[in-house]
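Residue numbers (UniProt numbering): 1 to 418.
Heads up, the beta-carbon is just placed ideally off N, CA and C, and yes, glycines get one too.
As the structure is a prediction and not an experimental result, all values here were calculated from the model.
Data first, discussion second: the structure below is written as structure tokens.
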Ligand SMILES: Cc1cc2nc3c(=O)[nH]c(=O)nc-3n(C[C@H](O)[C@H](O)[C@H](O)COP(=O)(O)O)c2cc1C
């Protein structure tokens with residue numbers, strides 16, 4: 001199959017999309033493709049709530065349990081390097097296949113080589129993700145140290161626009177960028193706006209996910225990079241003011257669904273939650289469908305969620321060969337399932353012992369062995385009341401907005417005119 005250029009996308013989009021519709025579109029693809037065709041990318045609406053891409057956390061197993069709990073949350077994959085997709089062509093299912101229940105699901109790609117990004121997108125397109133996202137926010141030395149990759153890409157908006165153009169040209173679904181509000185000393189609001197303006201003008205990108213703190217590439221750890229640089233939500237809200245035709249999702253430091261709703265009330269188009277959706281899995285995701293989407297929640301208890309997850313776990317245990325996925329990998333997504341509940345620490349100790357017990361060979365037997373330390377009241381109660389968030393999180397954000405951005409049009413060739 002020929003790889004498509006950005007120009008092809010604009011001239012062929014409807015033909016290509018119609019063909020896809022008839023062949024393999026899922027319900028969510030249909031929604032997105034129709035959104036693309038009928039409404040134009042400008043009117044694309046980002047998900048109200050999404051779970052952030054998190055390496056080694058938001059794997060297939062985590063996403064399975066997350067989807068059992070919430071039907072409406074959008075789920076991002078871990079970042080997958082374009083090179084991995086290209087070099088693992090014979091083994092792609094292991095990296096890209098997902099159960100259809102996991103829709104809506106977004107693939108996040110990382111990369112710094114346009115050919116590989118194009119090829120990776122084309123290969124991934126066959127798997128039917130609902131959106132493709134480019135990582136421009138990861139400060140990890142492993143990623144950022146290897147040339148221009150992750151957060152470093154924010155310093156090269158021209159490359160990002162080229163990358164986004166080739167991604168858009170090789171997929172049927174919407175595309176987005178996830179970035180920080182700056183990098184090292186390039187942390188002024190104006191520099192952030194220059195990045196957004198150039199990327200959105202030079203490529204079809206209309207949706208940006210803004211992790212509202214800068215990245216520091218001076219060697220501090222990724223974990224510190226999610227803690228030390230201060231959150232500046234005022235930059236996020238100023239982007240809404242200064243780029244009314246674009247769509248922005250806010251991310252960073254939002255700890256519960258009450259705070260998600262506070263961000264939405266303040267005008268956010270969408271909210272992405274990372275650590276809270278993993279470390280406090282149940283209390284976060286069990287409220288999303290009703291409190292964010294106004295839809296009935298699943299009504300499941302924790303025990304019922306585990307019963308469903310067990311069926312999945314026992315079906316996939318060892319199926320990749322070499323004993324993968326193993327019990328640890330399948331149980332790891334549950335590390336935040338009993339967060340702050342009685343029995344939580346004891347359950348973790350029992351789980352550590354059970355991993356070493358050769359007689360425990362199924363997820364069912366793992367649960368039988370370990371769940372005895374969790375009180376029935378925890379396992380069988382419906383989700384508790386919506387916990388209150390911090391009242392002051394966005395309280396003064398409108399008063400802190402930086403001065404409006406003044407577009408430097410002379411530096412940019414507008415994409416639509418090129
Ligand atoms: C363990 C871990 C892995 C992460 N991996 C990625 C990643 O692959 N791609 C990415 O864009 N961000 C990654 N992030 C950052 C999150 O997506 C998110 O931007 C960050 O945690 C801030 O959101 P939060 O405060 O809600 O956690 C990771 C975060 C964590 C905790």
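DSSP places residue 251 within a strand segment (E or B) once states are collapsed to three. Residue pairing by DSSP leaves residue 72 without any beta bridge partner. Spatial neighbours of residue 286 in its own chain (CB-CB distance under 6 Å, excluding positions within 5 residues in sequence) are listed in chain order as 69 and 383. Excluding the 5 residues flanking it on each side, residue 290 has same chain C-beta neighbours closer than 6 Å at 297, in chain order. Residue 177 is positioned such that its CB atom lies no closer than 8 Å to that of residue 121.
Secondary structure at residue 206: coil, using DSSP grouped into helix, strand and coil. Counting of Cβ neighbours within 10 angstroms places residue 311 among the exposed residues, the total staying below 16.
Fewer than three pairs of CB atoms, one per stretch, sit closer than 8 Å, so the region 88 to 99 makes no contact with the region 298 to 306. For residue 328, the enclosing alpha helix (DSSP H) begins and ends at 327 to 331. The alpha-carbon of residue 264 is positioned some 19 Å away from that of residue 213.
Rounded to the nearest angstrom, the gap between the Cα atoms of residue 206 and residue 117 is 19 Å. Taking every protein chain shown into account, the CB of residue 247 has 16 or more other CB atoms within 10 angstroms, so this residue is buried.
Proximity of the beta carbon of residue 254 to ligand 1 is indicated: a heavy atom of the ligand is located closer than 7 Å. For residue 361, the number of other beta carbons within 10 angstroms of its own is below 16, and it is reported as exposed. If the five residues before and after residue 57 are omitted, its C-beta is found closer than 6 Å to the C-beta atoms of 278, all from its own chain and listed in chain order.
When the Cα atoms are used, residue 340 and residue 374 turn out to be separated by approximately 12 Å.
Contact between residue 225 and residue 170 is ruled out by a C-beta separation of about 30 Å, above the 8 Å threshold. By DSSP's assignment, residue 132 forms a beta bridge with 107 and 175.
Taken in chain order, the whole alpha helix (DSSP H) runs of length 4 or more contained in the region 335 to 383 are 344 to 356, 363 to 370 and 376 to 380. Counted as a single uninterrupted DSSP element, the alpha helix (DSSP H) harbouring residue 159 occupies residues 157 to 169.
If you ignore the 5 residues before and after residue 249, its C-beta comes within less than 6 Å of the C-beta of 46, 209, 270 and 272, all in its own chain and listed in chain order. Rounded to whole angstroms, the gap between the alpha carbons of residue 315 and residue 355 is 18 Å. Closest in alpha carbon position to residue 238, among 202, 191 and 62, is 191. Look at residue 407 here: in three-state DSSP terms it is coil, with no helix or strand label.
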